[in-house]
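Please read the structure below before turning to the comments.
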Amino acid sequence: MKERTPKNIFVQGAISSAFIADSIQKHSTKTDIGGHSIFLGQVRADEIEGKKVVAIEYTAYEEMALQKMHEIRETVFAEYPLTCMHVYHSLGKVAAGEICLFVFTSSAHRKAATEACSVLVERIKAELPVWGAEILEDETHQWKVNQ
Amino acid sequence: MKERTPKNIFVQGAISSAFIADSIQKHSTKTDIGGHSIFLGQVRADEIEGKKVVAIEYTAYEEMALQKMHEIRETVFAEYPLTCMHVYHSLGKVAAGEICLFVFTSSAHRKAATEACSVLVERIKAELPVWGAEILEDETHQWKVNQ
Amino acid sequence: MKILFFGQLVEMIGAKELLIEDMTDIDTLKAFLHQQFPLLAQSKYIIAVDQEMISDNRKLENHNIVALMPPFSGG
Amino acid sequence: MKILFFGQLVEMIGAKELLIEDMTDIDTLKAFLHQQFPLLAQSKYIIAVDQEMISDNRKLENHNIVALMPPFSGG
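Chains as they are written, first to last, in our numbering: chain A, 95 to 241; chain B, 95 to 241; chain C, 23 to 97; chain D, 23 to 97.
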């Protein structure tokens, strides 16, 4: 297995559509790619006991999360014939309607990219030490629960 | 089932990353969305008998393709709880490294968006009357075969 | 009636569209086209009448639009 | 040793980090913390020692970093 050093996946605040566009654009020089699969997590304005979620504030055990992501990355690269894999997760406050997770996989044929992207999203949500506090419109908050 | 009139999915030439970014950005007002799934088809510079593919030129039976896409859209909307569904396919010449297919689904919870996106890509490739001619570096061409 | 050709069939026939009258059914039309364009007889294609894909023989009238389509390769 | 708290546990403990010396093992540490912070005893959390998730008891030394983590909710 190729050694890869842990990359930073965390960005402060929301992930902008310009950042995503830039990331897509950079792949136009990789002409062995036939398909890209992208997952974007967006903050929902859920209603909790009559109060709307206005943002999610994310915190993480960063060092451990990056190490864990490194392991996930290696496993997924070993299992799927991918050309590229990029993961970005927000820290801090992300308003409802904004993007908080960006998972981007590319491969020669679509199946690998699509499957790897799904696997990554599931593993990121289940295995990374990251926590989201849902900030409500009255400035109280409640801790997000996955699934 | 809600009636939807056939939308045009065809764009002349490549699909730009700016167009994709714009499309993502427009969804920030839809705060009931929790996940977006995107598939991008990119033209590969395959080598065919020693000659590189420099572009694919797409043609379609447009009227029939739009009608068929309309049917697919209705079926997928009926089967998955989606908030949004967008499909764009290139016509004309798309250079190697450029994007020729953009499928974009959104839903409250990620599963619907992810599954619907995969189903759409498969059905688009199998059922839409669209043809791609692979233009080689010596200006000859050969007709693309799916799978 | 209008006969439409797509993809590699356009090159084979040398036209995107032909006007042929009084073909009573699909089989008659196919026999006629295969005689005129022998390469077509060896090609894989499917037929749509008025945008509806068909696999069996079927009566035709002059107002029908018949499309000959090689295997799809979009995406 | 350094004890790290995350998510809702930070609010419960009132700190992101505590320094507690001479806890011989995880069970001893947990008993100590549960006594100091009774709400913690009723909370769901998992423990990592030096970033490695553990489920059973385990000896501790003062250079270890122990993290108490409520269920993850990233993404």
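Where a beta carbon is used, it is the ideal one built from N, C-alpha and C, also for glycine.
Can you tell which of 57/C, 74/C, 86/C has the C-alpha that lies nearest to the C-alpha of residue 159/B?
Of 57/C, 74/C, 86/C, the smallest CA-CA separation from residue 159/B is found for 74/C.
Cβ-based burial, residue 66/D [other Cβ within 10 Å; buried from 16]
Residue 66/D sits exposed, since fewer than 16 C-beta atoms from the chains shown fall within 10 Å of its C-beta.
Ignoring anything shorter than 3 residues, give me the beta strand (DSSP E) runs that lie fully in the stretch 109–152 of chain A, in order along the chain.
Here the runs fully enclosed are 129–136.
Please state whether DSSP places residue 54/C in a helix, a strand or coil.
Here residue 54/C sits in helix by DSSP.
Name, going along the chain, the residues of the stretch 31–65 of chain C whose beta-carbon falls closer than 7 angstroms to a beta-carbon of chain E.
Included in the structure are the protein chains A, B, C and D, with no chain E among them.
Could you tell me the distance, in whole angstroms, from the CA atom of residue 240/B to the CA atom of residue 94/C?
The alpha-carbon of residue 240/B is positioned some 7 angstroms away from that of residue 94/C.
With burial defined as no fewer than 16 other Cβ atoms inside 10 Å of the residue's Cβ, what is the status of residue 185/A: buried or exposed?
When all chains shown are included, residue 185/A counts as buried.
Which residues share a DSSP beta bridge with residue 252/A?
The shown model of chain A, from 95 to 241, leaves out residue 252/A, and the question about it has no answer.
Distance, residue 92/D Cα to residue 100/A Cα:
For residue 100/A and residue 92/D, the distance between alpha carbons rounds to 24 angstroms.
Three CB pairs or more closer than 8 angstroms across the stretch 173–181 of chain A and the stretch 106–113 of chain B
In this structure the stretch 173–181 of chain A does not lie against the stretch 106–113 of chain B, because fewer than three pairs of beta carbons, one per stretch, are closer than 8 angstroms.
Using the Cβ count rule (16 or more neighbours within 10 Å means buried), how would you classify residue 130/B?
The residue in question, residue 130/B, is buried, as its Cβ has 16 or more Cβ neighbours within 10 Å.
If contact means a Cβ-Cβ distance below 8 angstroms, which residues of the stretch 198–229 of chain A contact chain D?
So the list reads 215, 218, 219, 220, 221, 222, 223, 224, 225, 226, 227, given in the order they occur along the chain.
Taking 8 angstroms as the threshold (C-beta atoms), are residue 29/C and residue 225/B in contact?
Yes.
In its own chain, which residues sit with a C-beta less than 7 angstroms from the C-beta of residue 213/A, not counting the 5 before and 5 after it?
Closer than 7 angstroms at the Cβ level, and outside the excluded window around residue 213/A, lie 170.
Just tell me which of 236/B, 132/B, 115/B, 163/B has its CA closest to the CA of residue 207/B.
Closest option to residue 207/B, Cα to Cα, is 132/B.
When you compare only the Cα positions, how much space is there between residue 56/C and residue 62/C?
Residue 62/C has its alpha-carbon roughly 6 angstroms from the corresponding atom of residue 56/C.
Boundaries (first-last residue) of the alpha helix (DSSP H) holding residue 32/D:
30–35 is the span of the alpha helix (DSSP H), which, as asked, contains residue 32/D.
Going by other Cβ atoms of all chains shown within 10 Å of its Cβ, with 16 needed for buried, is residue 77/D buried or exposed?
Residue 77/D is exposed by the Cβ-count criterion.
Taking a cut of 9 angstroms between CB atoms, which residues from the stretch 152–167 of chain A lie near chain D?
Residues of the stretch 152–167 of chain A with a C-beta atom less than 9 angstroms from some C-beta of chain D are 152, 153, 154, 155, 157, 158, 159, 161, 162, listed in chain order.
List, in chain order, every chain A residue whose beta-carbon is nearer than 9 angstroms to that of residue 139/B.
Ordered by position in chain A, the residues that pass the 9 angstroms Cβ test against residue 139/B are 125, 126.
Measure the C-alpha to C-alpha separation of residue 81/C and residue 219/A and round it to an integer number of angstroms.
So the alpha carbons of these two residues sit roughly 58 angstroms apart.
Of all Cβ atoms in chain B, is any one closer than 8 angstroms to the Cβ of residue 122/A?
Interface residue, yes.
Rounded straight-line distance, which links the Cα of residue 83/C to that of residue 110/A:
If I take the Cα positions, the gap works out to 56 angstroms.
Determine the contact status of residue 47/C and residue 79/C, defining contact as a CB-CB distance below 8 angstroms.
Inclusion of residue 47/C and residue 79/C in the CB contact set at 8 angstroms is warranted, their separation being smaller than that value.
Between residue 135/B and residue 203/B, is the Cβ-Cβ spacing less than 8 angstroms?
Result no, Cβ atoms of residue 135/B and residue 203/B do not sit closer than 8 angstroms.
Quick one: which chain A residues come within Cβ less than 7 angstroms of residue 91/D?
Going along chain A in sequence order, the residues near residue 91/D (Cβ under 7 angstroms) are 155, 223.
Measure the C-alpha to C-alpha separation of residue 229/A and residue 126/A and round it to an integer number of angstroms.
Residue 229/A and residue 126/A: Cα-Cα distance of roughly 43 angstroms.
Which chain A residues are close to residue 135/B, counting only those with a beta carbon under 9 angstroms from its beta carbon?
In chain order: 128, 129, 130, 204.
Shortest alpha-carbon distance to residue 34/D belongs to which of 70/D, 86/D, 42/D, 58/D?
Taking residue 34/D as reference, the option from 70/D, 86/D, 42/D, 58/D with the minimal CA-CA separation is 58/D.
Check the Cβ of residue 77/C against every Cβ in chain B and list those closer than 7 angstroms, keeping chain order.
Result: empty, since nearest Cβ-Cβ is about 15 angstroms, beyond 7 angstroms.
Which of the residues in the stretch 168–201 of chain B, read from start to end, lie with their CB under 7 angstroms from any CB of chain A?
Flagged, chain order: 190, 191, 192.
Could you give the residue range of the alpha helix (DSSP H) that holds residue 158/A?
Secondary structure note for residue 158/A: its alpha helix (DSSP H) is the uninterrupted segment 156–173.
If we count the other Cβ atoms within 10 Å of its Cβ and call it buried at 16 or more, is residue 24/C buried or exposed?
Looking at its Cβ environment, which holds fewer than 16 other Cβ atoms inside 10 Å, residue 24/C is exposed.
Run the CB neighbour count on residue 149/B, radius 10 Å, all protein chains shown included, and call it buried at 16 or more, exposed below.
Classification of residue 149/B: buried, given that the 10 Å Cβ count is 16 or more.
Are the Cβ atoms of residue 114/A and residue 196/A separated by less than 8 angstroms?
One thing to note: residue 114/A has its Cβ within 8 angstroms of the Cβ of residue 196/A.
Residue 222/B: first and last residue of the uninterrupted alpha helix (DSSP H) it sits in:
Residue 222/B -> no alpha helix (DSSP H), and no H or E assigned at all.
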